[in-house]
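Student: Sequential numbering from 1 applies to the sequence shown in UniProt numbering.
Virtual Cβ for every residue (Gly too), placed ideally from N, Cα, C.
One structure, as structure tokens, below. Some questions next.
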Amino acid sequence: MPAPVRVAVVGAGGIAKACHLPALRSMAAAVEVVAVCDVDLEAARRMADDWTIPRYFTDLDQLLADQTPDLVIVSTPPSVHREPVIAALNAGAWVWCEKPPVLSLAEYDEIARHERAGGPYVSYVFQHRFGSAAQRLRELVANGALGRPLVALCNTLWYRPPGYFEVPWRGRWDTEGGGPTMGHGIHQIDLLLSLLGDWTEMVATAATLDRETETEDVSFAIVKFASGAIASVTNSLLSPREVSSLRFDFTHATVELEHVYGYHNANWRWTPSATADVAEASTWTPVEDESGSHQAQLRRLLDSYHRGERPAASGADGRRVLEFVAGLYQSAFEGRTVRRADLDSSNPFYRSMAGESPAEFADLLKPTKGDDHAQLRRPVRS
1 MPAPVRVAVV GAGGIAKACH LPALRSMAAA VEVVAVCDVD LEAARRMADD WTIPRYFTDL
61 DQLLADQTPD LVIVSTPPSV HREPVIAALN AGAWVWCEKP PVLSLAEYDE IARHERAGGP
121 YVSYVFQHRF GSAAQRLREL VANGALGRPL VALCNTLWYR PPGYFEVPWR GRWDTEGGGP
181 TMGHGIHQID LLLSLLGDWT EMVATAATLD RETETEDVSF AIVKFASGAI ASVTNSLLSP
241 REVSSLRFDF THATVELEHV YGYHNANWRW TPSATADVAE ASTWTPVEDE SGSHQAQLRR
301 LLDSYHRGER PAASGADGRR VLEFVAGLYQ SAFEGRTVRR ADLDSSNPFY RSMAGESPAE
361 FADLLKPTKG DDHAQLRRPV RS
């Protein structure tokens, strides 16, 4: 059995306590948590005490020099992903970084230049693709057992009260990179893309209907895939009955998932078509029942680490969902169809999810009030 992987946690906030540290504790034989780092000394000290972590730091460079971790988990707010990820890679450590990966495609590509063949690599937290049912569905899509993908629905309908946005970094382009599309729906979108592959074009709209935020609080997109499939994608923070749902219609089956923040096999429904092989359909549901969790992704990340192979949700595989979000925002801002091929380095939405004019985009998202209905403003393009 290989020696335990030495792990450092950067960011002593809620996501580390709720998700990362429990996942690490569940794999105590495979990992050793050697240190925690946070700019808030007391927060770092409390986490070290509460989770029996031997050392705590406020300076990441010092932690990296003193502890030489094998893996660094970055669980800071989105605007504080880039620097610690690059620092850890440059120190030779693999990285597991919370979503959204970074604030732009440009930042993502900059980080990728600090990776090296065989590692270190950085993988991003998209845990929903790692549950048993999602893994089984991916196999069935790949081997053609379900037929061609035709129609998909992807909904993240969550609720965040007005007070949620009182946290200074939330709801701002420069610190969060977007609204529910970027920070919440990105999980379901990644799961959608991991199953259906590359998208080719989309048309979208977004608006700030009710919350005090410069980003959107709701977005919609119609998306075409290279396979020929068409999907609708909805993201909202205004929905009192919360649900995360996906539906896939293949030529031989409909596969549905409904949950909120995590799933097991019971959250999935498999419905064969009238022409499907019933005997084969009985094998579609996986025997193993693993949730789409941080623990599931961490276990696979450690396997990749020991093999020296690029992990899932990394490189081009991790970048695809950021391309999707950038394309959605550009389509919503410019009121036109956007192709995935448009998102090269010359595109302003490559450098920022709000393009060149975050203030103009923020103003556009707020509907004007007419006598009978609200209308979204569109920028005038010469």
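Which residue wins for smallest C-alpha separation from L365, given the options V255, S232 and E214?
Tutor: Residue numbering aside, residue 365 sits at position 365 when the sequence shown is read from its first letter. Here the closest residue by C-alpha is E214.
Student: Answer with buried or exposed for G11, where buried requires no fewer than 16 other C-beta atoms within 10 angstroms of its C-beta.
Tutor: Counting from 1 along the sequence shown, the entry for residue 11 is found at position 11. G11 should be labelled buried.
Student: Pull up the distance between the alpha-carbon of Y108 and that of H294, whole angstroms please.
Tutor: For this step, residue 108 is matched to residue 108 along the sequence shown. For this step, residue 294 is matched to residue 294 along the sequence shown. If I take the Cα positions, the gap works out to 21 Å.
Student: Please name the residue in P77, F220 and G118 whose C-alpha comes closest to that of R310.
Tutor: As a working mapping, residue 310 is identified with position 310 in the sequence shown. Considering only alpha carbons, the answer is G118.
Student: Where does N265 sit, in a helix, a strand or coil, going by DSSP?
Tutor: Counted from its first residue, the sequence shown places residue 265 at position 265. Of the three classes helix, strand and coil, the one that applies to N265 here is helix, per DSSP.
Student: Is it buried or exposed for R269, if we count other Cβ within 10 angstroms and need 16 for buried?
Tutor: Taking the first residue of the sequence shown as position 1, residue 269 is located at position 269. Exposed.
Student: What is the DSSP secondary structure of H81, reduced to helix, strand or coil?
Tutor: Within the sequence shown, numbered from 1, the residue matching residue 81 stands at position 81. The answer is coil: DSSP assigns H81 none of H, G, I, E or B.
Student: Do M182 and V325 have their C-beta atoms within less than 8 Å of each other?
Tutor: Numbered from 1 along the sequence shown, position 182 holds the residue referred to as residue 182. Numbered from 1 along the sequence shown, position 325 holds the residue referred to as residue 325. Yes; because the gap between Cβ atoms is below 8 Å, this pair is in contact.
Student: I'd like to confirm the pairing. Which residues does DSSP put opposite F250 in its beta bridges?
Tutor: Along the sequence shown, one-based indexing puts residue 250 at 250. In the DSSP output, where bridge partners are listed per residue, F250 has P149.
Student: Taking DSSP as the reference, what is the three-state secondary structure of S26?
Tutor: Here residue 26 is taken as the residue at index 26 of the sequence shown, counted from 1. If DSSP states are grouped into helix, strand and coil, S26 belongs with the helices.
Student: Provide the residue span of the beta strand (DSSP E) that contains T200, from first to last.
Tutor: Here residue 200 is taken as the residue at index 200 of the sequence shown, counted from 1. Residues W199 to A207.
Student: Ignore the nearest five residues each way along the sequence and tell me which others in T208's own chain have a CB closer than 6 Å to its CB.
Tutor: Position 208 of the sequence shown, counted from the first residue, corresponds to residue 208. Excluding sequence neighbours, T208 sits near E216, D217, L365 and K366.
Student: Less than 8 Å between the beta carbons of R55 and A65, yes or no?
Tutor: What you label residue 55 is simply residue 55 of the sequence shown in a count that begins at 1. What you label residue 65 is simply residue 65 of the sequence shown in a count that begins at 1. It is not a contact, given that the beta carbons lie outside the stated cut-off.
Student: How would you call T76, buried or exposed, if buried means at least 16 neighbouring beta carbons within 10 angstroms?
Tutor: Residue numbering aside, residue 76 sits at position 76 when the sequence shown is read from its first letter. T76 is buried by the Cβ-count criterion.
Student: Could you give the distance in angstroms between the alpha-carbon of A354 and the alpha-carbon of D198?
Tutor: As a working mapping, residue 354 is identified with position 354 in the sequence shown. As a working mapping, residue 198 is identified with position 198 in the sequence shown. Roughly 22 Å separates the two Cα atoms.
Student: Would you list the one or two residues that DSSP bridges to Y56?
Tutor: Sequence index remark: in the sequence shown, residue 56 carries index 56 (1-based). DSSP, once it has assigned bridges, lists V36 as partnering Y56.
Student: Is there contact between the segment 161 to 178 and the segment 122 to 137, where contact requires at least three CB pairs shorter than 8 Å?
Tutor: No contact exists between the segment 161 to 178 and the segment 122 to 137.
Student: Considering Cα atoms alone, identify which of D344, T337 and S245 is closest to R319.
Tutor: Sequence index remark: in the sequence shown, residue 319 carries index 319 (1-based). Checking every option, the nearest Cα to that of R319 belongs to D344.
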